[in-house]
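Heads up: the sequence shown at position 99 corresponds to 113 in our numbering, and the numbers run straight through without jumps. Ideal placement from N, C-alpha and C gives every residue a C-beta, glycine not left out. Computed from a predicted structure; not experimentally measured.
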Amino acid sequence: AEPDTVQWESFSYAQNFRARCERVVESICVMVVITGCHTIFCYVPYMAYYMGYTRDNGMEPDFFRGFMVSLIVVVGNQIGYFSCRRVAQSCRFRFSDDSEAAYVLLYFCFIMVTSTLDIWIAYRCQVTVIRKSNAIRTHDGIPLGE
15 AEPDTVQWES FSYAQNFRAR CERVVESICV MVVITGCHTI FCYVPYMAYY MGYTRDNGME
75 PDFFRGFMVS LIVVVGNQIG YFSCRRVAQS CRFRFSDDSE AAYVLLYFCF IMVTSTLDIW
135 IAYRCQVTVI RKSNAIRTHD GIPLGE
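Encoded structure:
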């Protein structure tokens, strides 16, 4: 019986160290481009939308627009998920364990970048709201936004 983790179709590709490194570096470059596109096409509209409104007088964002912006981010995350899988498979490892390890590492890096962007956007939005608000004052009674 053959081991289940062997990927026989990958045995036709060169497996020397240089060829493997080239495929891995190429895969990392592809993921950098995908992450950059995800940032430009998903997080820039997300950030522009949430930084574009104020919460003065209890004003909240429109549900439909907020839903659509969130949907763009969700679709972008799914594209990132499937891209990580595809890029890990394109490395053409001989064993699926190696391919899965590459996938987990790529997806971890993708999620770390997007999570960092989420935290940064939330921070910037809150700082903007605090600065625009006249309700928060310094010890001397001066509004924080001034």
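Check                                                                                                                                                                   : Outcome
Just verifying my parser: in three-state terms, what is the DSSP assignment at residue 109?                                                                             : strand
Can you give the beta carbon distance from residue 60 to residue 135, rounded, assuming they're within the 8 Å contact cut?                                             : 7 Å
Quick one: what's residue 20 bridged to in DSSP?                                                                                                                        : 109
Taking 7 Å as the limit between beta carbons, can you name the residues of its chain near residue 99, skipping five residues before and five after?                     : 117
Hey, could you find the ends of the alpha helix (DSSP H) residue 104 is sitting in?                                                                                     : 77 to 104
Assess, as a yes-or-no matter, whether the region 91 to 106 is touched by the region 33 to 47 under the definition of 3 or more beta carbon pairs within less than 8 Å. : yes
Could you say if the region 19 to 32 and the region 119 to 132 meet the contact criterion of at least three C-beta pairs nearer than 8 Å?                               : no
Quick one: is residue 151 buried, meaning 16 or more other Cβ sit within 10 Å of its Cβ, or exposed?                                                                    : exposed
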